[in-house]
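From first to last, the protein sequence lines are chains Z and G. For the first sequence, this note's numbering begins at 8 and goes up steadily by one. For the second sequence, this note's numbering begins at -12 and goes up steadily by one. In this text, a Cβ means the ideal position worked out from N, Cα and C, and glycines have one as well.
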Amino acid sequence: NAGVTQTPKFQVLKTGQSMTLQCAQDMNHNSMYWYRQDPGMGLRLIYYSASEGTTDKGEVPNGYNVSRLNKREFSLRLESAAPSQTSVYFCASSGGVFSGRSKNIQYFGAGTRLSVL
Amino acid sequence: EDQVTQSPEALRLQEGESSSLNCSYTVSGLRGLFWYRQDPGKGPEFLFTLYSAGEEKEKERLKATLTKKESFLHITAPKPEDSATYLCAVRNSGYSTLTFGKGTMLLVSP
């Protein structure tokens, strides 16, 4: 059971380039999330998808777009990367069909370390 | 707006020296307080969820407690392998998302 898988693990971009961060989960979870983590700032929510077919903005959505491709996959796209988007990006998922009260526990991937020069 | 404040920012302990980490929160209708452990270069790993004041949960050397305003993560006789950043998060009644604190970086020296 792989859990939450993120690709790539590392990426270096030049300012203005675009890229898509991929995330897939194999836990049959309904909800998926994208966070960024910066030193001294903690984890901040970028976008989330409460269920397949829906997406909503989080705390810091500017400069990002997301796609919930299907129940398993949730991608994050940077259309024109900026140095301020240098960060570690984490994908998480929660809410299996039979998870009951534990449906709000979020399980995280290993992260994508992105540098924008 | 939900707020989560963790203290101290960093804590250095000797092996066997027990201590506590604090998580203070303000939230409209707490629907869960979550503790995570994060090792360097890895994603957060779930530890505990607490739902109501007075609730306690334990796992090995860790014990989490909850009041109406704060949660404590007690570490008893820590070992070097307990070194990590510990994150606290809350969920309120209106949303399905979590609000995280900035974490406490714990270093346990042999």
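Where Tyr55(Z) meets chain G, residues with beta-carbon distance less than 7 Å: As a first step, residue 55(Z) is located in the first sequence; it is residue number 48 there, counting from the start. The contacting residues are Thr84.
Does the distance from the CB of Thr36(G) to the CB of Gly19(G) come in under 7 Å? For this step, residue 36(G) is matched to residue 49 along the second sequence. For this step, residue 19(G) is matched to residue 32 along the second sequence. A contact, by the Cβ cut-off of 7 Å.
In or out: Met39(Z) buried (at least 16 other Cβ within 10 Å) or exposed? The residue you call residue 39(Z) lines up with position 32 of the first sequence. With 16 or more Cβ atoms within 10 Å of its Cβ, Met39(Z) is classed as buried.
Please list the partners that Met48(Z) has in chain G, where partner means a Cβ-to-Cβ separation under 9 Å. As a first step, residue 48(Z) is located in the first sequence; it is residue number 41 there, counting from the start. Neighbours of Met48(Z) on chain G, chain order: Lys89.
For Arg(-1)(G), which residues in the same chain have their Cβ closer than 6 Å to its Cβ, ignoring the five residues on either side in sequence? For the purposes of this step, residue -1(G) is identified with residue 12 of the second sequence, where counting begins at 1. Within the same chain, Arg(-1)(G) has close Cβ partners Leu94.
Taking 7 Å as the threshold (C-beta atoms), are Arg84(Z) and Thr27(Z) in contact? Sequence index remark: in the first sequence, residue 27(Z) carries index 20 (1-based). Sequence index remark: in the first sequence, residue 84(Z) carries index 77 (1-based). Yes. Within cutoff.
Check distances from the C-beta atoms of the region 66 to 78 of chain G to those of chain Z and list, in chain order, the residues that come in under 9 Å. Leu74, Ala76 and Arg78
Could you list the residues in the region 73 to 100 of chain Z with a C-beta less than 7 Å from some C-beta on chain G, going in chain order? Phe97
CA-CA distance, Ser7(G) and Val14(G)? Taking the first residue of the second sequence as position 1, residue 7(G) is located at position 20. Taking the first residue of the second sequence as position 1, residue 14(G) is located at position 27. Rounded to the nearest whole angstrom, the C-alpha separation of Ser7(G) and Val14(G) is 22 Å.
What residues match up with Met26(Z) in a beta bridge as DSSP calls it? Walking along the first sequence from the start, residue 26(Z) turns up at place 19. According to DSSP, Met26(Z) bridges with Leu85(Z).
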